[in-house]
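To start, the structure under review is shown below, and the notes come after it.
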Amino acid sequence: MADFRERGNQLFAEKRYSLAGTYYGKAIVAHPNVATNFTNRALCYIKLNQWNLAVEDCQKAIQLDQNLIKAHFFFGLALTELESFDDAIMELIKANDLAWQQRRNFGEDIASAVRHAKKMRWRQIEEKRLQQQSDLHTFLLTLLHEHMERYIMSIIFGWKTVDFSVRL
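Residues 1190 to 1357, numbered by my numbering, are exactly what the sequence shown covers, in order.
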């Protein structure tokens, strides 16, 4: 296993992420209960923008070791890219809490990822709000246009029975 993992580490350092992932996969086959092999491969998947595969490996790593900071951190990063912001924030906060408890220093990496996920969640919510506002505006303009058409037709044709009052 160490040989596969070491070769994966060498390839990762050379930025040959796909091949590094293959070697981490061989390490997983040789020792399927070692959580760090899954997080190593998950990081390769992250570098390759293969978010769903990264999520799967992170979930397996967490099943093996719930206190593995990198598993929660990488899981949160992948979930952020998949726009599952609430879950991403939860995982990133879990990684941050574990780092604090284990007195491990990740610098600003985890805190920065939490802020990024929160910012992306806010943007998603704001985009949805703006779309709803635009849809409402369009709907109200349509109603106003229809109301004005009926009013003009009533003047032209002398319709007297049309009620144009607006009720809210």
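Every residue gets a Cβ at the ideal spot worked out from N, C-alpha and C, and that includes glycine.
Predicted model only: the values in this text are computed from it and were never measured.
Straight-line Cα distance separating residue j from residue i
| i | j | result |
| --- | --- | --- |
| Glu1280 | Gly1265 | 5 Å |
| Gly1347 | Ser1273 | 58 Å |
| Glu1270 | Met1309 | 9 Å |
| Met1337 | Glu1316 | 31 Å |
| Leu1330 | Ile1341 | 16 Å |
Distance CB(residue i)-CB(residue j) smaller than 8 Å
| i | j | result |
| --- | --- | --- |
| Phe1262 | Ala1277 | no |
| Ala1306 | Phe1295 | no |
| Tyr1206 | Leu1237 | yes |
| Ala1216 | Arg1194 | yes |
| Arg1230 | Gly1210 | yes |
Simplified DSSP state of residue i, which is helix, strand or coil
| i | result |
| --- | --- |
| Asp1324 | helix |
| Leu1266 | helix |
| Gln1239 | coil |
| Asp1298 | helix |
| Lys1204 | coil |
| Asp1254 | coil |
Chain C contact for residue i (CB, 8 Å cutoff)
| i | result |
| --- | --- |
| Leu1271 | The question asks about chain C, but that chain is absent: this structure has only one protein chain. |
7 Å CB neighbourhood of residue i in its chain, flanking five on each side removed
| i | result |
| --- | --- |
| Lys1358 | Given that the chain is displayed from residue 1190 to residue 1357, the structure contains no residue 1358 and the question cannot be resolved. |
| Trp1240 | Ala1267, Glu1270, Leu1271 |
| Lys1259 | Thr1228 |
| Asn1222 | Leu1253 |
Same chain, Cβ closer than 6 Å to residue i, five either side skipped, listed in chain order
| i | result |
| --- | --- |
| Cys1233 | Tyr1206, Ala1209, Gly1210 |
Beta-carbon proximity list for residue i, same chain, < 8 Å, skipping 5 on both sides
| i | result |
| --- | --- |
| Gln1313 | Glu1272, Phe1274 |
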